[in-house]
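If you read the sequences in order, they're chains A and B.
Just so you know, the first sequence maps onto residues 336 to 546 in our numbering.
Just so you know, the second sequence maps onto residues 336 to 546 in our numbering.
Before any comments, here is the structure.
There are 2 protein chains.
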Amino acid sequence: MVDAQAQVRPGGRSAKVRAAVHHAVAQLLAEEPAEALTIPAVAARAGVHPTTVYRRWGSPAQLLGDVATSRFSGDVVVPDTGTLTGDLERWLGDVATDLADPDTLALMRAAIGSGPDGGCACIGDRHEQLSAIIERERSRGGRAPEMENAVDFLLGPLYYRAIFSAQPASSDWARELVATFLAAPATASAGEQPAGGLRPSTVELQGPASG
Amino acid sequence: MVDAQAQVRPGGRSAKVRAAVHHAVAQLLAEEPAEALTIPAVAARAGVHPTTVYRRWGSPAQLLGDVATSRFSGDVVVPDTGTLTGDLERWLGDVATDLADPDTLALMRAAIGSGPDGGCACIGDRHEQLSAIIERERSRGGRAPEMENAVDFLLGPLYYRAIFSAQPASSDWARELVATFLAAPATASAGEQPAGGLRPSTVELQGPASG
DNA sequence: AAATTATCGCACTGATCGTTGCGTTAGTGG
DNA sequence: CCACTAACGCAACGATCAGTGCGATAATTT
Numbered sequence: 336m337v338d339a340q341a342q343v344r345p346g347g348r349s350a351k352v353r354a355a356v357h358h359a360v361a362q363l364l365a366e367e368p369a370e371a372l373t374i375p376a377v378a379a380r381a382g383v384h385p386t387t388v389y390r391r392w393g394s395p396a397q398l399l400g401d402v403a404t405s406r407f408s409g410d411v412v413v414p415d416t417g418t419l420t421g422d423l424e425r426w427l428g429d430v431a432t433d434l435a436d437p438d439t440l441a442l443m444r445a446a447i448g449s450g451p452d453g454g455c456a457c458i459g460d461r462h463e464q465l466s467a468i469i470e471r472e473r474s475r476g477g478r479a480p481e482m483e484n485a486v487d488f489l490l491g492p493l494y495y496r497a498i499f500s501a502q503p504a505s506s507d508w509a510r511e512l513v514a515t516f517l518a519a520p521a522t523a524s525a526g527e528q529p530a531g532g533l534r535p536s537t538v539e540l541q542g543p544a545s546g
Numbered sequence: 336m337v338d339a340q341a342q343v344r345p346g347g348r349s350a351k352v353r354a355a356v357h358h359a360v361a362q363l364l365a366e367e368p369a370e371a372l373t374i375p376a377v378a379a380r381a382g383v384h385p386t387t388v389y390r391r392w393g394s395p396a397q398l399l400g401d402v403a404t405s406r407f408s409g410d411v412v413v414p415d416t417g418t419l420t421g422d423l424e425r426w427l428g429d430v431a432t433d434l435a436d437p438d439t440l441a442l443m444r445a446a447i448g449s450g451p452d453g454g455c456a457c458i459g460d461r462h463e464q465l466s467a468i469i470e471r472e473r474s475r476g477g478r479a480p481e482m483e484n485a486v487d488f489l490l491g492p493l494y495y496r497a498i499f500s501a502q503p504a505s506s507d508w509a510r511e512l513v514a515t516f517l518a519a520p521a522t523a524s525a526g527e528q529p530a531g532g533l534r535p536s537t538v539e540l541q542g543p544a545s546g
């Protein structure tokens, strides 16, 4: 990562340039396909000299990774509603709302296709947040689903729709997804077994569209 | 799509050039990041003149779309094991095996980030195949899950892991995913309600890795 | 407040990309 | 077997990109 902002000189000018470049990247991705994201184009949009972008970020891939990391960090907070269901519904709803923005979606799609770490920059925080929600529920003494399952059946469907569907999932759909995931009867015998399951027949799972 | 092969002159030379270019694209994507997929690079690898690639495909995005469409069509066949569980397990296992190939994965990641239709070329056939499996089960008189749910809870986790996880899901994991999805007790009262659910607590869902 | 130094803008150069016109090759049909 | 034409290779051109050295600016430190 470049992250020159926090390294040595976080002064006003560097920060302003960084913000302008980030904004330009998001703007360009929203307008044109990802392949049009060249350094000169970004620099021109940001009102910055191309040399600056070349020196600070090097390649479009690194620039994209930096923007994605910055954009997908801190924009969604972990709620504390008092219950696992409430936390998950609110959090996944916020994530879905975030992904519903076409600009954000374009950024994520572009980040997936470029860079060595793929789109990992887009979901790094999500896993930590989800893990925090599950951990909190366990600290309350409640039964929480396994992290593996929560990722597979909450983030999986949501991001699948976001990536491959023309119309991404809505916040309401995400909340219903949480309800569906948690609504399955705990077939486990021991109380140690985590809750969380799915009964797709009783809950209306019709999202906005699936492509 | 260009698809010049089936349009006017499917002669030996055109087909050979097309195959060479497709192979070169897959090869380059497996070696270098997607941004290095330039027309001259592809042409040089394929042993073809760049002008040819420019004329037939125009842009790297269209070329990628053509390659993805070709690669993700026909490589997985819809099985007929006699049961819904068997069909789904075999089919999703095949899909997972296909996605486990790093070259295929790189192609899909690149296809997502480029082109107007995103990665739709990667999953167009998958939805039709899954729908065919469900339809067949219903024609047998059995209860099959809703297409929406099957996509969300089978393709969703599988593709999520493939895209965002360093180590994609294995064929065995995919089969367990099917078993888990279908294993939930049919909480519906009427027989008309589709089967398919999830009880993550009783089935080991540990995949190879999740990042 | 002055010195220091990281960062940016500018001008310049080489390299690669994208495109076009034209001749050649090789499938297709009579 | 011969005419026809689609597809390819070749060469050349302009345009854009990628990279470098140097001076100017501004944030940081003393």
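Cβ coordinates follow ideal geometry from the N, Cα and C atoms, glycine included.
Since the model is a prediction, treat every value here as computed from it, not as a measurement.
Determine the DSSP secondary structure at residue 487 of chain A, reduced to helix, strand or coil. helix
Counting only beta-carbon atoms, is residue 475 of chain A nearer than 8 Å to chain B? Against chain B, the CB of residue 475 of chain A has no partner CB under 8 Å away; the residue lies outside that interface.
Do the segment 473-493 of chain A and the segment 488-495 of chain B touch if we need at least three Cβ pairs shorter than 8 Å? yes
Counting pairs of Cβ atoms below 8 Å between the segment 455-465 of chain B and the segment 399-410 of chain B, do you hit three or more? Contact holds: three or more Cβ-Cβ distances are below 8 Å.
For the putative contact between residue 460 of chain A and residue 365 of chain A, defined by C-beta atoms under 8 Å, what is the C-beta separation to the nearest angstrom? Actually they are not in contact, since the Cβ atoms of residue 460 of chain A and residue 365 of chain A sit about 22 Å apart, beyond 8 Å.
Could you round the C-beta distance between residue 361 of chain B and residue 402 of chain B to whole angstroms and report it? I think they count as a contact, below 8 Å. 7 Å
Take the Cβ of residue 474 of chain A as the centre, count every other Cβ of all protein chains shown within 10 Å, and call the residue buried at 16 or more, exposed below. Answer is exposed; the Cβ neighbour count stays below 16.
Under 9 Å (Cβ pairs) to chain A, residues found in the segment 461-474 of chain B: 462
Coil, strand or helix - residue 348 of chain B by DSSP: Three-state result, residue 348 of chain B: helix.
Verify the CB distance criterion: does residue 517 of chain B have a CB-CB separation below 8 Å to chain A? Contacts with chain A at 8 Å (Cβ-Cβ) do not include residue 517 of chain B.
Between residue 366 of chain A and chain B, is any beta-carbon pair separated by less than 8 Å? No, residue 366 of chain A lies away from the interface with chain B (no Cβ there is under 8 Å from its Cβ).
Exposure of residue 425 of chain A, with buried meaning 16 or more beta-carbon neighbours within 10 Å: buried
Report the residue from B:446, B:435, B:359 and B:502 whose alpha carbon sits nearest the alpha carbon of residue 388 of chain B. B:359
If you drop the 5 nearest sequence neighbours on each side, which residues of the same chain put their C-beta closer than 8 Å to that of residue 355 of chain B? 381, 382 and 383
CB of residue 441 of chain B within 8 Å of CB of residue 505 of chain B, strictly: Against a cut-off of 8 Å, the Cβ pair of residue 505 of chain B and residue 441 of chain B comes out as no contact.
So that I know if they touch, is there some Cβ in chain A lying closer than 8 Å to that of residue 410 of chain B? Residue-level contact by beta carbon fails for residue 410 of chain B and chain A, as no gap is shorter than 8 Å.
Interface residues of chain A around residue 369 of chain B at Cβ under 7 Å? 448 and 449
Give the residues from the segment 482-498 of chain B that approach chain A closer than 7 Å (Cβ to any Cβ), ordered along the chain. 483, 484, 486, 487, 488, 490, 491, 492, 494, 495 and 498
Measure from the alpha carbon of residue 488 of chain B to the alpha carbon of each residue in B:512, B:351 and B:502, then state which is nearest. B:512
Listed by chain order, chain B residues near residue 458 of chain A by CB distance under 7 Å: 499
I'd like to know whether the C-beta atoms of residue 585 of chain A and residue 413 of chain A end up nearer to each other than 8 Å. With chain A covering only 336 through 546, there is no way to say anything about residue 585 of chain A.
Could you give the DSSP three-state label for residue 357 of chain A: helix, strand or coil? When DSSP states are grouped into helix, strand and coil, residue 357 of chain A belongs to the helix group.
Output, in sequence order along the chain, the residues in the segment 381-415 of chain A whose CB is closer than 8 Å to any CB in chain B. 394, 395 and 396
Would you mind stating whether residue 548 of chain A and residue 385 of chain A have Cβ atoms separated by less than 8 Å? Because chain A in this structure spans residues 336 to 546, residue 548 of chain A falls outside the shown range and cannot be described.
Under a three-way DSSP split, which group does residue 473 of chain B fall into? helix
Would you mind stating whether residue 427 of chain B and residue 478 of chain B have Cβ atoms separated by less than 8 Å? Against a cut-off of 8 Å, the Cβ pair of residue 478 of chain B and residue 427 of chain B comes out as no contact.
Does the Cβ of residue 395 of chain A have 16 or more other Cβ atoms within 10 Å, making it buried, or fewer, making it exposed? buried
Give the C-beta separation of residue 517 of chain A and residue 420 of chain A to the nearest angstrom, bearing in mind that I take them to be a contact with Cβ-Cβ under 8 Å. 6 Å
Expressed to the nearest angstrom, what Euclidean distance is found between the alpha-carbon atoms of residue 486 of chain B and residue 514 of chain B? 15 Å
Within 8 Å, strictly: CB atoms of residue 398 of chain B and residue 445 of chain B: no
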